[in-house]
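Numbering-wise (the working numbering), the sequence shown opens with residue 7 and increments by one.
Virtual Cβ for every residue (Gly too), placed ideally from N, Cα, C.
Model, not experiment: these values are computed from the prediction.
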Amino acid sequence: MRTILNIIWFFFAGIGLWVSYAIVGVIAFITIIGIPAGIACFRIANYSIWPFGREVVRDPDAGAWTVVGNILWIPLGLILAIAHVVTAFTLAITIIGIPMAWANLKLIPISLTPMGRIVVETH
7 MRTILNIIWF FFAGIGLWVS YAIVGVIAFI TIIGIPAGIA CFRIANYSIW
57 PFGREVVRDP DAGAWTVVGN ILWIPLGLIL AIAHVVTAFT LAITIIGIPM
107 AWANLKLIPI SLTPMGRIVV ETH
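Listed below in structure tokens is the structure:
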């Protein structure tokens with residue numbers, strides 16, 4: 007079932023979100039300070055293109071710098087949060103898209119605080 011959801015997600019939400027995260031990740035790489043944010047952004051981009059069967063959790067080894075990084079990240083995170091809201095709205099128009107819209111809305115907190123998180127497989 008998750009493969010079918012991932013295929014539908016890939017075409018209707020994943021590609022657009024991946025592009026959004028990739029663009030914001032490249033913008034973050036412009037400054038040296040933004041490199042950790044860019045790495046986190048690419049990690050979440052990888053998750054956002056094929057999310058079902060995986061989960062984003064807090065990294066237990068993340069240090070205090072992740073809090074500072076997430077605070078500095080907020081302006082770029084707002085852009086991604088808006089992308090998630092727009093994508094969720096367009097998915098929610100159809101009945102089959104409602105579960106994917108809900109999954110998209112659950113990605114908003116991750117888009118606002120991507121540092122100190124890791125992607126793990128779920129079974």
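{"Query": "Look up residue 45 in the DSSP assignment and say whether it is helix, strand or coil.", "Result": "helix"}
{"Query": "So, does the segment 110–125 touch the segment 73–90, judging by three or more C-beta pairs under 8 Å?", "Result": "yes"}
{"Query": "What number of angstroms, rounded off, separates the C-alpha of residue 58 from the C-alpha of residue 73?", "Result": "27 Å"}
{"Query": "Going by beta carbon distance, what residues of the same chain come within less than 7 Å of residue 86, once the five residues before and after it are set aside?", "Result": "26, 27, 30, 117"}
{"Query": "Around the C-beta of residue 48, are 16 or more other C-beta atoms found within 10 angstroms, so that it is buried, or is it exposed?", "Result": "buried"}
{"Query": "For residue 123, count neighbouring Cβ atoms within 10 angstroms of its own Cβ and tell me buried if that reaches 16, exposed if not.", "Result": "buried"}
{"Query": "How many angstroms separate the CA atom of residue 88 from the CA atom of residue 129?", "Result": "30 Å"}
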